[in-house]
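Participant:
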Amino acid sequence: MVRLFRRRPVSQTISVALQELGKQYAYLKAVLGRLSSRDKALFNECESMIRKGNKTRAMVYACELAELRKLIKTVKSAQLAIERVILRLEMLREVEAVTRDLRSVLDITQKVAVELSEVMPEAALQLSEMNDIVSEVLSETVLSSNPPITTVALETEEVKAILNDAVKVAEERLMSTIPEPPETPEPKPTPVKGAEPIAVSATYEEKAAEEQNGNHTFRDVLKDSFKPDYSSPLIEKWVLGYAKKNMGEIDVNKCASELNILSKDVLKALESLHLKGKIKIQT
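Going by this note's numbering, the sequence shown opens with residue 883, and the numbers climb by one from there.
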């Protein structure tokens, strides 16, 4: 049978195949980008329905998202398979170039061995031995895709080691890009000063107090204020806040009226705050 067209070289065939596979890989990459955008939109809608309490519509979006993610997984598998075929073809193209060089070397050495066989038999013998070695290499070099290419990478010990090395390099590069935080001196503890007592000037009208306290005299009220049973902390807090608000000027009757308590309770609170060192009663 006579060939009408010259057979295309293996390297050229591989280059054409790589070009077509590259186009398909780019197309799948674009499809995967659109599907990923759709995935994000469906997830946001599902999350929005959950926040609104519409579980039925949330379930619809969730089911659609599950089907979409199955499709994304299929596209990723196809993209991975094409990528592995591209890598294998690139390797075969390199091997084909090596074998082509070896064949040219073999032709040259055979011609030289014939020419040297009459002049230098020993050199011709060594060249013949080298030709046998090159021929053996060429006979053992087979451009095939065995083992078959699978869509899922096999996780062997060698693959695990390569992945671990890649993770270490990625971590080192990431750490080199992160700037170290500046050293900040530890703040010196500042001494806490005790709260200075508030100077309080209190005025008291006994007549008005008798009406409020049930005809108790100022002496009786003042006497009761020195009893161990001082006013409650809540009343003390009110009276202290009233003193701060009025710049230390307290009208006992007016304070009792505004706080809706008895005048004797105000006097008790003042005495208690004085003994605790929170105020200083000026006479």
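Beta carbons: idealized from backbone N, C-alpha and C, even for Gly.
My understanding is that Leu910 touches Ala948, with C-beta atoms under 8 angstroms, so please give their C-beta distance in whole angstroms.
Facilitator: Position 28 of the sequence shown holds residue 910. Position 66 of the sequence shown holds residue 948. Between Ala948 and Leu910 the Cβ distance is about 21 angstroms, and since that is not below 8 angstroms, they are no contact.
Participant: Go ahead and label Cys945 buried or exposed: buried means 16 or more other beta carbons lie within 10 angstroms of its beta carbon, across all protein chains shown.
Facilitator: In the sequence shown, residue 945 corresponds to position 63, counting from 1. The residue is exposed, with fewer than 16 neighbouring Cβ atoms inside 10 Å.
Participant: Is it the case that the Cβ atoms of Leu914 and Ile968 are separated by a distance below 7 angstroms?
Facilitator: Reading the sequence shown from its first residue, position 32 is the one you call residue 914. Reading the sequence shown from its first residue, position 86 is the one you call residue 968. In this structure, Ile968 does not lie closer than 7 angstroms to Leu914 by Cβ.
Participant: Taking Ile1117 as the reference, which of Ser1154, Ser897, Leu962 has the closest Cα?
Facilitator: Locating residue 1117 in the sequence shown gives position 235, counting from the first residue. With distances taken between Cα atoms, Ile1117 lies closest to Ser1154.
Participant: Identify every residue that forms a DSSP beta bridge with Ile964.
Facilitator: On the sequence shown, residue 964 is found 82 positions in, with the first residue counted as 1. For Ile964, which the question treats as bridged, DSSP gives no partner whatsoever.
Participant: The beta strand (DSSP E) that contains Ile1143, what's its start and end?
Facilitator: Here residue 1143 refers to the residue found at position 261 of the sequence shown. Premise fails: Ile1143 is in no beta strand (DSSP E) and is neither H nor E.
Participant: Buried or exposed for Leu1157, going by 16 or more other Cβ atoms inside 10 Å?
Facilitator: Taking the first residue of the sequence shown as 1, we reach residue 1157 at position 275. Per the 10 Å Cβ criterion, exposed.
Participant: Around the Cβ of Ala923, are there at least 16 other Cβ atoms within 10 angstroms (buried) or fewer (exposed)?
Facilitator: Position 41 of the sequence shown, counted from the first residue, corresponds to residue 923. Classification of Ala923: exposed, given that the 10 Å Cβ count is below 16.
Participant: Out of Ala908, Glu976, Arg916, Ala963, state which residue places its alpha-carbon closest to the alpha-carbon of Gln894.
Facilitator: The residue given as residue 894 occupies position 12 in the sequence shown. Minimum Cα distance to Gln894 is reached at Glu976.
Participant: Suppose contacts are defined by Cβ-Cβ distances below 7 angstroms. Is Ala1138 in contact with Ile1132 by that definition?
Facilitator: By one-based count along the sequence shown, residue 1138 stands at place 256. By one-based count along the sequence shown, residue 1132 stands at place 250. No. Outside cutoff.
Participant: How long is the line joining the alpha carbons of Leu962 and Gln906, rounded to whole angstroms?
Facilitator: Working through the sequence shown from its first residue, we reach residue 962 at position 80. Working through the sequence shown from its first residue, we reach residue 906 at position 24. Between Leu962 and Gln906, the C-alpha separation is close to 12 angstroms.
Participant: Below 7 angstroms between beta carbons: does that hold for Asp921 and Leu953?
Facilitator: Residue mapping note: residue 921 aligns to position 39 of the sequence shown, counting from 1. Residue mapping note: residue 953 aligns to position 71 of the sequence shown, counting from 1. In this structure, Leu953 does not lie closer than 7 angstroms to Asp921 by Cβ.
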